[in-house]
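Quick mapping for you: the protein sequence lines, in order, are chains A and B. By the count of the working numbering, the first sequence reaches residue 538 at its end, each step adding exactly one. By the count of the working numbering, the second sequence reaches residue 242 at its end, each step adding exactly one. Think of the CB as a built atom: it goes at the ideal place given N, C-alpha and C, for glycine as much as any other residue.
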Amino acid sequence: MSEKRKHVIPGDVVTTGPYRADQNTVLDGRLIISTTVGVSEIADGAVRVIPLTGMYMPRIDDMVVGKVTTHTSLAWELDINSCYVGFLPATDVFGRDFSARSDELNTRLKRGDLVAARIANSDRSRDPLLTIVDRDLGKIDSGELIEISSSKIPRLIGKRGTMIQMIESQTDSMITVGQNGWVVASSEDSNGLIKAKKAIRMVERMAHMHNLTDKVRKMLEAEK
Amino acid sequence: MGGRDTDMVLLDENGIRCDGRKVDEPRRITIKAGVLKNANGSAYIEFGDNKILAGVYGPRDVHPKHMSNADTGILRCRYHMVPFSVSERKNPAPSRREIEISKVIREALEPAVMLERFPRTAVDVYMEILQADGGTRCAALDAAAVALADAGIPMRDMVSACAAGKVADTVILDVNNEEDQAGQADMPIAYMPNLNQITLLQLDGIMSLEEYNKCIEIGIKGCKIVYELQKKALAEKYFPEEQS
């Protein structure tokens, strides 16, 4: 393993150099300490640890897949696979002329519906606020929900989306990837769906390996 | 420090203890991380004849709601001995001793766990003592720290624990059940190895200042041995290719 990338556990000193302590690290005097099990990375003067385990923590602008659990008269509550529930305000779906009196939230999104949303706001004091006002966001009409570890999502997407694009084109399927570890795959062809699911599970299982895109491509080609 | 008289020779003239160990030798320890499927993190430890399973859930919603804290997350620990963990059946209801040990374990873990990152949530740690043979609180703490790391809860450092004590006027490392019952003192220590800080220090018995200092010194040495094994347990699960 190179000097730059190291396997670390909580408490391990990643480096002592003049770097900025980024994701999953803390600065203690001159030491930069890892706070989680993962792989450390030094880039652009910053040190970060890519976690290998852990729960999804909402961050602003993350795209997530949520499942509607309940609603009030003004907003839906979505399970976003985190310790916090996501709030989707009704005005997002009904538009600005939403009226709590005349509009029934049940008509648009029901309990159990899957929604692709973006995290509009999230801070320490409140539960994360979601929005669906953007391209490619909104209710997901069909597909199968696949749950994987949120720490493996970057591998599933790949460098500039190479991995996910390859899986989509090889299996003729549509895959919506949420940063929270929830992935929805749909396909006209049931065989394609099975293959896409298999590929996603393979990425999850072998996330630490090099050259994963090629390995997954080979697996999919062999299946044909 | 049960204060019980015994005919057993706790330390012979060659400096060998009742179970054949040297004075500064810990028992055989094995740790395995990630042994449970349904918990977010888990660990199993065998510390001599102690067998302990630890499971971690969280961060998750706090129930009952009034326990939640808007500024920080909370840590809840449960140390529990199963009925067959000791030779005479133990009532499974939480005893006074278990409640106290749960509290000291929580306080020993709190300095390491970065709960302030998860306001309004709880991290739950459950430790089940399947078989007890003295020094269970230290062993449970060791398993809990590995389970927390396995669950991906941010931590400033690992927490490693090991007991030291005194038998036959000699300071020893890792007190077993016989030495605990018939010995002169028992001192569990929990320690954060990279930050060089002690998070748990209890003492049952009487010691001179020199003995106390010696106890701390070898106790920390024991914690460092445990730390290496904790590291190994996590590496075996997460970096298997490095191990082979």
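* To do: For residue 176(B), count neighbouring C-beta atoms within 10 Å of its own C-beta (all shown protein chains included) and say buried if the count is 16 or more, exposed if not.
  => So residue 176(B) ends up on the buried side.
* Who are the neighbours of residue 147(B) on chain A, taking C-beta pairs under 7 Å? -> Near residue 147(B) (Cβ distances below 7 Å), the residues of chain A are 323, 324, 351.
* Note down, in chain order, every chain B residue with its Cβ under 9 Å from the Cβ of residue 340(A). => Within chain B, the residues near residue 340(A) are 112, 152, 154.
* Can you find a heavy atom of the ligand GDP that lies under 8 Å from the Cβ of residue 485(A)? -> By its list of ligands, the structure shown contains no ligand whatsoever, and the ligand GDP lies outside what it can speak to.
* Asked: Does DSSP classify residue 93(B) as helix, strand or coil?
  -> Annotated three-state conformation of residue 93(B) is coil, per DSSP.
* Could you pull out every residue in the same chain whose Cβ sits closer than 7 Å to the Cβ of residue 339(A), ignoring the five residues on either side in sequence? => Closer than 7 Å at the Cβ level, and outside the excluded window around residue 339(A), lie 328, 346, 347, 348, 349, 361, 362, 363.
* What are the boundary residues of the beta strand (DSSP E) that includes residue 168(B)? -> Residue 168(B) -> beta strand (DSSP E) spans 168 to 171.
* Where residue 451(A) sits in the DSSP three-state scheme -> Reduced to three states, the DSSP call for residue 451(A) is coil.
* Within the 9 Å Cβ cut-off, does residue 442(A) reach chain B? -> Residue 442(A) does not count as touching chain B.
* Asked: The alpha helix (DSSP H) spanning residue 505(A) covers which residue range?
  -> In the DSSP assignment, residue 505(A) falls within the alpha helix (DSSP H) that extends over 504 to 519.
* For residue 39(B) versus residue 367(A), is the C-beta distance shorter than 9 Å? -> Yes, these two residues count as a Cβ contact at 9 Å.
* Asked: Can we say the region 43 to 50 of chain B touches the region 96 to 108 of chain B, given the rule of at least three CB pairs closer than 8 Å?
  -> Counting Cβ pairs under 8 Å, fewer than three are found: no touch.
* **C-beta atoms of residue 423(A) and residue 435(A) nearer than 9 Å** => Not a contact, by the Cβ cut-off of 9 Å.
* Asked: Does residue 522(A) have its Cβ less than 9 Å from a Cβ in chain B?
  -> The beta carbon of residue 522(A) sits closer than 9 Å to some beta carbon of chain B.
* Asked: How long is the line joining the alpha carbons of residue 135(B) and residue 25(B), rounded to whole angstroms?
  -> Straight-line Cα distance between these residues: approximately 15 Å.
* To do: Could you list which residues in chain B have their beta carbon closer than 7 Å to that of residue 366(A), in chain order?
  => Against chain B, the beta carbon of residue 366(A) has neighbours under 7 Å at 236, listed in chain order.
* Mapping DSSP to helix, strand and coil, what is residue 407(A)? -> In this structure, DSSP gives residue 407(A) a helical state, which the three-state scheme calls helix.
* To do: Go ahead and pull the three-state DSSP assignment for residue 61(B).
  => In this structure, residue 61(B) counts as coil in the three-state DSSP scheme.
* Any residues in the region 219 to 235 of chain B with a beta carbon nearer than 9 Å to a beta carbon of chain A? Which ones, in chain order? -> For the region 219 to 235 of chain B, which is checked against every Cβ of chain A, the residues closer than 9 Å are 225, 228, 229, 232, 233, 235.
* Asked: DSSP three-state call for residue 222(B): helix, strand or coil?
  -> The DSSP-derived three-state label of residue 222(B) is helix.
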